[in-house]
Amino acid sequence: MGILGKPVRTTIIYGLLCAIVFIPASTLLNNFFLWPIAFRLTLWTFLVIYSVLLVRWGSARITSALFPLLFLLAINFIEIQDTTFMFFLIFVLSWIRSGVCFKTSIPKTICLEAFISIGGAAVVLYLFPFGIISRATGIWLFFLVQSMYFPFTGVTNYNEEKIEADAFDQAKRHAEKIIADRYFV
Numbered sequence: 001m002g003i004l005g006k007p008v009r010t011t012i013i014y015g016l017l018c019a020i021v022f023i024p025a026s027t028l029l030n031n032f033f034l035w036p037i038a039f040r041l042t043l044w045t046f047l048v049i050y051s052v053l054l055v056r057w058g059s060a061r062i063t064s065a066l067f068p069l070l071f072l073l074a075i076n077f078i079e080i081q082d083t084t085f086m087f088f089l090i091f092v093l094s095w096i097r098s099g100v101c102f103k104t105s106i107p108k109t110i111c112l113e114a115f116i117s118i119g120g121a122a123v124v125l126y127l128f129p130f131g132i133i134s135r136a137t138g139i140w141l142f143f144l145v146q147s148m149y150f151p152f153t154g155v156t157n158y159n160e161e162k163i164e165a166d167a168f169d170q171a172k173r174h175a176e177k178i179i180a181d182r183y184f185v
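Each residue of the sequence shown is one higher than the one before, starting from 1 at the first, in the numbering used here.
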């Protein structure tokens, strides 16, 4: 099974890659846009790629995540504070993850998303509030917290191939069961 079949591991590694790429990407975009827009476009790009992974894991169509991502792109160019944009980013991530890819009951979704998304953002804002290097570290920490979504929902592996036991293993288990039933009853 490839690494893309394991959402927890892939989310952690993807978060690390985003943290590494964040400084060069936002600096490059800063040559074309003002800082807040460059910062937001960088985060939006990270969310687009992560949404593709989520859609793949959730067996949903990529077009179902298109509207929330375009909604966030439009908000990117409105003159708002970065914390407000981060709220919208978390809202869109939750929308795609729980509304499009992994549909669960409404109360469970609201509680889980509030705990993971808002809790993760609060931890990041508290520990890494300023500076480009601390923001890159905060991105990785945010994805570390986001990786907790999958064990909480019971979604841990995808595309697992079911390996059947060969005849020898089946005979061995059957013999062990007979012995256990006969002597340990």
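The beta carbon of each residue, even a glycine, is placed where N, CA and C say it ideally should be.
Q.
Given this structure, state the Cα-to-Cα distance separating ALA136 from ALA19, to the nearest angstrom.
A. Those two C-alpha atoms are separated by around 5 Å.
Using CA atoms only, rank isn't needed, just tell me which of PRO68, THR63, ASN31, LEU34 is closest to LEU47. Residue PRO68 is the option with its Cα nearest to LEU47.
Practice item. State the CB to CB distance for the pair PHE85 and ASN76, rounded to an integer number of angstroms; the pair is presumed to be in contact (CB under 8 Å). Key: Correct: roughly 7 Å between the Cβ atoms.
> From ALA60 to THR104, what does the alpha carbon distance come to, in whole angstroms?
Replying inline: Cα-Cα distance, rounded: 14 Å.
Can you tell me whether TYR14 is buried or exposed? The criterion is at least 16 other CB atoms within 10 Å of its CB, across all chains shown. With 16 or more Cβ atoms within 10 Å of its Cβ, TYR14 is classed as buried.
Open item on the list: Just to confirm before moving on: does the CB-CB distance between TYR149 and ILE110 stay below 7 Å?
Closed with: No. Outside cutoff.
Compare the beta carbon distance of VAL21 and ALA65 with 7 Å and say whether it is the shorter of the two.
No, Cβ-Cβ distance for VAL21 and ALA65 is not below 7 Å.
Which residue from THR83, ALA167, VAL92 puts its Cα closest to that of TYR126?
If we check each option's Cα against that of TYR126, THR83 comes out closest.
Can you tell me which of the three DSSP states GLY15 falls into?
Look at GLY15 here: in three-state DSSP terms it is helix.
TODO: Return yes when the Cβ of SER147 is within less than 7 Å of the Cβ of VAL8, no when it is not.
DONE: Yes, the pair counts as a contact, with Cβ atoms nearer than the cut-off.
Q. Distance, Cα to Cα, GLY131 vs ARG173?
A. Near 59 Å, if we compare the C-alpha coordinates of ARG173 and GLY131.
Q) Leaving out the 5 sequence neighbours to the left and right, which residues in its chain are closer than 6 Å to ALA38 when beta-carbon positions are compared? A) In its chain, beyond the 5 residues on either side, SER26, LEU29, ASN30 have a beta carbon closer than 6 Å to the beta carbon of ALA38.
Notebook entry, point to check: With DSSP run on the structure shown, which of helix, strand or coil describes ASN159?
Noted result: Because the pLDDT of ASN159 is 47, which lies under 50, any placement of that residue in the model is unreliable, and the number read from its coordinates should be weighed accordingly. ASN159: coil per DSSP, three-state reduction.
Three-way DSSP call (helix, strand, coil) for SER147 in this model:
Coil at SER147, not helix or strand.
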